[in-house]
Amino acid sequence: MENNTSSPTILKVEGLTKYFGGLGAVQNFEMVLKQGDLNGLIGPNGAGKTTVFNLITGIYVPTRGLIEFDGTSTAGREPFEITRSGIARTFQNIRLFSNLSVLDNVRIAYHPHAGYSLTDSVLRTKRFYVKEDELTEQALDFLAIFGLEGIQNELAKNLPYGQQRRVEIARALAANPKLLLLDEPAAGMNPKEIIELMDLIHFIHDRFNLTILLIEHQMRVVMGICRYITVMDFGQVIARGNPKEIQANQRVVEAYLGKGAGHAA
Amino acid sequence: MEFGFLVGSIVKILALLAYIYGILWVMAQPSRWVKAGGLIVAFGVVQLGLTKFGNFQILNSFDSGLLFQASAMTMVALGLNLIYGFNGQFSLGQWGFYGIGAYTAADITYRWVNGDARGLVVIAVGTILGAVILTGINKLLNKIRGVPVMSAFTLYLIGSIAAGYVAVMAGKLLFPVFQPLLGTNLEPGILATGIPLQVVFFLAVILAGVFAAEISFLLGVPVLTLGSDYFGIATLGFTIVVNVLMVNSDTILPFPEMKGGRGMVGIPKLTTWFWAFFFMIVVIVIMRNILRSSTGRAIMSVREDETAAKAMGIDIAGSKLMSFIIGSLFAGMGGAIYAHFIGFLSPGSFDFLVGFNPLIIVVFGGLGSMTGTIAASFGWLFFLEGLLRVLLGQMGTEAPTWRYVLYPLTLLLLMLIRPQGLLGTVEWGFLKAKEVLVRQKPKPASTDTPAVQA
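Those sequence lines, one after another, are chains A and B.
In terms of the working numbering, the first sequence opens at residue 22 and continues consecutively.
In terms of the working numbering, the second sequence opens at residue 40 and continues consecutively.
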């Protein structure tokens with residue numbers, strides 16, 4: 022909102038509300054992302070951040086509210102259609118296709134635009150070979166960017182944690198998104214890996230001309246890379262602003278540390 | 040005698056495994072000529088074994104029976120492996136589709152050799168028209184969007200009934216045209232013998248498969264929205280329904296020639312080793328080509344993690360439906376091969392209890408391994424029927440029943456020792472996934488990459 026005012030709006034969320042039974046997981050959530058933003062969504066555990074992601078990607082259907090991506094509403098569209106329109110995501114607890122190779126994990130992202138039909142693959146037409154080689158090359162390129170060359174034939178489940186995270190991000194990028202949603206990408210990483218991850222996020226943001234929204238608990242990551250931050254607590258937005266403003270915000274401090282924490286310190 | 044037989048049976052099973060390995064190896068060869076030649080040799084070797092030289096025959100009629108059954112079983116089991124092993128949907132309905140395929144194909148050829156072309160005409164018109172109508176409705180529903188599943192199902196059902204009605208009418212209309220050319224059972228006409236009959240048999244196998252696939256589409260639309268376990272129960276119900284319909288085919292269904300529970304007799308025995316081998320290879324090739332493509336990766340991603348697959352833009356419902364349809368197509372074709380080998384169809388052989396056999400084979404061979412399924416289909420039949428039955432048979436008339444004690448024990452042992460199945464996910468030759476090596480060309484992107492070395 023504050024930054025990139027001249028860029029076109031890519032995601033607009035208005036009055037987004039989701040109830041699970043009587044529990045208001047997300048209430049009246051508002052957000053606008055401009056093309057090229059690198060924004061953060063933070064809040065204590067259970068604040069409803071991941072629910073927001075699931076609503077944007079269509080895994081949950083909102084109780085109320087509007088989500089507009091690239092100028093069109095996502096209401097009534099299947100999750101896979103929303104992904105195909107240009108939203109990709111990673112998951113809080115890594116969700117790789119564990120029994121498939123690293124390369125296949127990335128190549129799956131090309132399925133919607135593989136460029137050949139079932140008939141082509143059954144009859145092994147020339148188009149099949151050409152397109153399959155093409156997308157394999159592209160997938161290998163992505164793996165190279167993420168420093169994963171040489172392990173393309175390993176099963177995803179056999180990789181160490183940090184590499185699994187990177188495969189997941191590579192897979193999301195291979196879907197050719199305009200908007201990338203990262204759900205706690207730094208979870209479970211050591212300080213060295215976190216620094217590498219921050220570099221990586223900066224790099225993909227610039228290289229692929231992406232809009233990125235990330236959920237994160239590690240304040241170092243959020244404050245270090247996000248230009249604009251939205252803070253949630255109990256399903257509601259309690260603060261917005263750039264990192265400096267958020268750090269100084271009394272309500273945010275209260276949400277994280279509890280009331281009176283400031284006096285105790 | 041018993042010892043010699045035991046050794047002989049084990050040698051046969053090992054020879055079969057070597058044979059399967061050989062076929063898959065030769066199919067993996069890059070040269071088209073080598074491939075074709077190898078397959079002809081593979082076909083010829085068994086054909087030679089089946090041929091009588093005076094009194095000498097390597098594979099007796101008992102063995103050849105097992106061979107044909109095994110190739111039909113391979114087709115059903117591969118279909119089930121596609122659905123269960125690769126797509127992760129637990130289907131118990133494949134035996135029902137196998138039965139549908141068997142009865143459909145049998146009805147076509149039985150009527151044909153008895154001077155009645157309606158079987159072929161009705162099924163051909165019905166399946167083709169049905170396919171057109173169902174695809175049309177599918178396209179339409181994709182445009183309208185947001186139609187509830189049951190409404191969509193109703194539309195599909197109405198479309199299929201319409202196709203069926205037109206098909207029956209077409210049968211009535213076209214039936215006299217073929218009449219003079221078909222002759223009667225005792226005096227077959229020009230179309231009811233020789234090559235024309237083989238063509239009709241070929242069509243019958245294909246149509247039986249397509250018909251089973253269309254039924255599976257109708258069943259799959261509402262039922263695949265259920266979770267995997269519930270889907271299993273629903274498809275089990277389907278197998279039971281099909282079985283009940285078979286038992287009552289002459290009373291509640293208008294098919295007196297199927298003779299209900301007494302069993303359908305007089306089906307022309309048209310399955311030769313050529314056809315069994317041919318259709319088995321076709322099924323193997325189609326399945327491998329699907330799995331080793333983008334579609335196959337999408338199918339497997341659904342098994343691995345549905346939520347992640349959705350987030351990667353995979354149409355979960357479509358992918359499940361597609362593997363279910365293709366799996367049922369294979370089952371229907373397998374049924375057709377079986378019917379024309381055995382010449383007699385009894386509803387008892389399509390009972391849901393027998394329907395667990397393909398499941399056992401798939402798990403035994405390894406979920407997600409095509410090689411395992413093929414090997415297990417052959418090995419299982421030759422072990423259960425070829426080895427145990429005959430071996431135990433020599434110990435007394437009732438002794439063969441013990442094979443149903445020994446064989447579950449074998450399964451139990453295998454599951455304890457190798458829970459991933461005989462072959463796990465190992466594939467041989469042709470079925471292996473191609474390993475992709477990193478290319479040597481310079482990578483322009485990696486020079487300005489941040490330091491993210493593993």
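Using N, Cα and C, we set each Cβ at its ideal position, and we do this for glycine too.
Check residue i in the structure and name its three-state DSSP category.
i: residue 116 (chain A); result: coil
i: residue 258 (chain A); result: strand
i: residue 94 (chain A); result: strand
i: residue 204 (chain A); result: strand
i: residue 147 (chain A); result: helix
i: residue 255 (chain B); result: helix
i: residue 213 (chain A); result: helix
i: residue 34 (chain A); result: strand
i: residue 157 (chain B); result: helix
i: residue 196 (chain A); result: coil
i: residue 85 (chain A); result: strand
i: residue 215 (chain B); result: helix
i: residue 250 (chain A); result: strand
i: residue 234 (chain A); result: strand
i: residue 433 (chain B); result: coil
i: residue 58 (chain B); result: helix
i: residue 131 (chain A); result: coil
i: residue 60 (chain A); result: strand
i: residue 91 (chain B); result: coil
i: residue 422 (chain B); result: helix
i: residue 105 (chain A); result: helix
i: residue 288 (chain B); result: coil
i: residue 49 (chain A); result: strand
i: residue 303 (chain B); result: strand
Under 9 Å Cβ-Cβ, which residues of chain E neighbour residue i?
i: residue 58 (chain A); result: Any reference to chain E falls outside this structure, whose protein chains are A and B.
Would a check of beta-carbon distances place residue i closer than 7 Å to chain B?
i: residue 188 (chain A); result: no
i: residue 173 (chain A); result: yes
i: residue 65 (chain A); result: no
i: residue 135 (chain A); result: yes
i: residue 154 (chain A); result: no
i: residue 41 (chain A); result: no
i: residue 229 (chain A); result: no
i: residue 242 (chain A); result: no
i: residue 104 (chain A); result: yes
i: residue 142 (chain A); result: yes
i: residue 100 (chain A); result: yes
Distance cutoff 7 Å, beta carbons only. Does residue i sit that close to anything in chain A?
i: residue 465 (chain B); result: no
i: residue 325 (chain B); result: yes
i: residue 336 (chain B); result: yes
i: residue 474 (chain B); result: yes
i: residue 255 (chain B); result: no
i: residue 339 (chain B); result: yes
Label residue i either buried or exposed according to how many other C-beta atoms from any shown protein chain fall within 10 Å of its C-beta, with 16 as the threshold for buried.
i: residue 134 (chain B); result: buried
i: residue 57 (chain B); result: exposed
i: residue 95 (chain B); result: exposed
i: residue 451 (chain B); result: exposed
i: residue 137 (chain B); result: buried
i: residue 396 (chain B); result: buried
i: residue 361 (chain B); result: buried
i: residue 291 (chain B); result: exposed
Please indicate yes or no: does the CB of residue i lie closer than 6 Å to some heavy atom of the ligand SAM?
i: residue 86 (chain B); result: Here there are no bound small molecules, and the ligand SAM is not part of this structure.
Taking contact to mean 3 or more Cβ pairs, one atom from each stretch, closer than 8 Å, check whether the stretch 71 to 87 of chain B and the stretch 330 to 347 of chain B are in contact. no
At a cut of 8 Å, does the stretch 124 to 134 of chain A reach the stretch 333 to 343 of chain B through at least three beta carbon pairs? yes
Chain-ordered residues of the stretch 72 to 95 of chain A with a beta carbon less than 7 Å from chain B: If the cut-off is 7 Å between Cβ atoms, the stretch 72 to 95 of chain A has 78 and 80 near chain B.
Chain A contacts made by the stretch 343 to 355 of chain B, where a contact means CB separation under 8 Å: Taking 8 Å as the Cβ-Cβ cut-off against chain A, the residues of the stretch 343 to 355 of chain B that qualify are 343, 344, 346, 347, 348, 349, 350, 351, 352, 353, 354 and 355.
Is it true that the stretch 262 to 281 of chain B meets the stretch 68 to 78 of chain B, where meeting means three or more beta-carbon pairs spaced less than 8 Å apart? no
Just checking, does the stretch 149 to 159 of chain B make contact with the stretch 219 to 232 of chain B on the three C-beta pairs under 8 Å criterion? yes
Does the stretch 368 to 381 of chain B come close enough to the stretch 132 to 141 of chain B to have 3 or more Cβ pairs within less than 8 Å? yes
Does the structure place the stretch 145 to 156 of chain A close enough to the stretch 182 to 190 of chain A that three or more beta carbon pairs sit under 8 Å? no
Interfacial residues, the stretch 172 to 187 of chain B to chain A, with Cβ spacing under 7 Å: The stretch 172 to 187 of chain B vs chain A, Cβ under 7 Å: 184 and 185.
Three or more C-beta pairs closer than 8 Å, one from the stretch 353 to 372 of chain B and one from the stretch 423 to 436 of chain B: is that the case here? no
I'd like to know if the stretch 407 to 419 of chain B and the stretch 106 to 122 of chain B are in contact, where contact means that at least 3 CB-CB pairs between them fall below 8 Å. yes
Short of 7 Å Cβ to Cβ, which residues in the stretch 304 to 332 of chain B face chain A? Answer set for the stretch 304 to 332 of chain B: 325, 328, 329 and 332.
When the Cβ atoms of the stretch 67 to 86 of chain A are set against those of the stretch 94 to 108 of chain A, are three or more pairs found closer than 8 Å? yes
Is it a yes or a no for the stretch 25 to 37 of chain A touching the stretch 67 to 82 of chain A, going by three-plus beta-carbon pairs under 8 Å? yes
Given 8 Å, three or more beta-carbon pairs between the stretch 266 to 274 of chain B and the stretch 384 to 393 of chain B: no
State whether the stretch 167 to 185 of chain B contacts the stretch 126 to 133 of chain B, with contact taken as three or more CB pairs (one from each stretch) at a distance under 8 Å. no
Below 8 Å, can you find three or more Cβ-Cβ pairs linking the stretch 94 to 114 of chain B to the stretch 312 to 330 of chain B? yes
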